[in-house]
Structures are given as C-alpha cells and as structure tokens.
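The numbering of the sequence shown is the numbering used here, which starts it at 14 and goes up by one. Below is one structure, written out as structure tokens, with a few remarks after it.
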Amino acid sequence: MKTTIALITILFVSACVNLPSPTQEKEADYGPFPDNYQDIAKDYLMSELRDPSSIEIKQISEPIKQWIGDKFTGIKYGYLVCVEVNSKNLLGNLSGLRSDALLMRDDVVIDYVKDGTLISGMKLCD
14 MKTTIALITI
24 LFVSACVNLP
34 SPTQEKEADY
44 GPFPDNYQDI
54 AKDYLMSELR
64 DPSSIEIKQI
74 SEPIKQWIGD
84 KFTGIKYGYL
94 VCVEVNSKNL
104 LGNLSGLRSD
114 ALLMRDDVVI
124 DYVKDGTLIS
134 GMKLCD
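So this is what it looks like as structure tokens:
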C-alpha cells in the first residue's frame with residue numbers, strides 16, 4: 014500500500030508544470046490582441062451569468078498580457094480583461110458590484126475568475 018501511494022505521488026509530482034520564468038513570460042505566445050474585447054466580455058457574461066437581463070456592466074478594462082495557472086492545472090496565456098459587473102444572485106437580488114477577470118485568447122474567453130481573485134489569493138483585478 015505504501016509503495017502504491019509513493020508511486021502515485023511520484024507520478025503526480027512529475028506531471029506538474031513549472032511556472033513560467035520572466036524570460037518565458039516575455040517570449041510566450043499570448044495570441045493576437047482582442048480588438049473586440051468589449052463585445053467578447055459582454056457576450057461571455059450574458060451567456061454565463063444567471064439572469065442576463067439583470068447584468069449591469071460598469072467598466073471593462075483594456076486587455077493586458079497575462080498568464081493564469083499553477084503547477085497542477087498548467088499555464089494558460091492570453092489577454093486579461095477586468096469587468097466591473099453587477100448581477101442577480103440565486104435569491105434574485107443584485108449581488109453588488111464586483112470585478113470579474115476574463116482571460117481571452119483568439120477572441121474566446123479561455124478562463125473566467127469570478128471576483129477576480131484566484132484560489133491562491135492572488136488578485137487579478139482591483
């Protein structure tokens with residue numbers, strides 16, 4: 014049993030991805046700049062949030078090159094957009110203004126972080 018656990022641990026650790034170095038960040042392929050980022054963000058939120066008719070978008074930031082990921086899930090490169098949005102919760106009440114993070118690549122949202130804060134505690138949006 015201990016041997017099995019040890020083997021699984023070794024396989025798990027060896028499958029981990031290293032986080033990018035500053036040089037790798039600089040040389041990475043982030044894809045083309047999303048000229049229509051505002052439309053991409055609005056369309057994505059309208060399709061993903063609970064009540065599309067209640068969504069209030071206050072501001073959409075300019076896209077910046079960003080990577081998101083960790084050693085276990087891998088790294089995604091793209092353009093980060095922060096959206097100040099208010100929408101209804103399960104009870105039908107507006108939840109309050111928050112900054113959601115959307116990572117875009119090739120005119121598609123490839124990662125969405127509600128409230129703009131990763132599980133690690135890193136804030137993507139202010």
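The beta carbon of each residue, even a glycine, is placed where N, CA and C say it ideally should be.
Residue range Y50 to E61 is occupied by the alpha helix (DSSP H) that includes S60.
Rounded to whole angstroms, Y43 and I88 show a C-alpha spacing of 11 Å. The beta carbons of D83 and S133 sit about 7 Å from each other, so the pair counts as a contact at 8 Å. Sixteen is the threshold: when 16 or more other Cβ atoms of the shown chains lie within 10 Å of the Cβ of P47, as they do, the residue is buried. Per DSSP, A41 has no beta-bridge partner at all. Counted as a single uninterrupted DSSP element, the beta strand (DSSP E) harbouring L116 occupies residues R111 to R118. For C95, the enclosing beta strand (DSSP E) covers residues G87 to N99.
In terms of Cα proximity to P65, the closest of V98, K39 and A41 is V98. Annotation for I70: the continuous beta strand (DSSP E) segment containing it runs E69 to I73. When the Cα atoms are used, Q72 and G129 turn out to be separated by approximately 14 Å. With contacts defined by Cβ atoms closer than 8 Å, I81 and L116 form a contacting pair.
Under the 10 Å beta carbon count, D113 is surrounded by 16 or more other beta carbons and is classified as buried.
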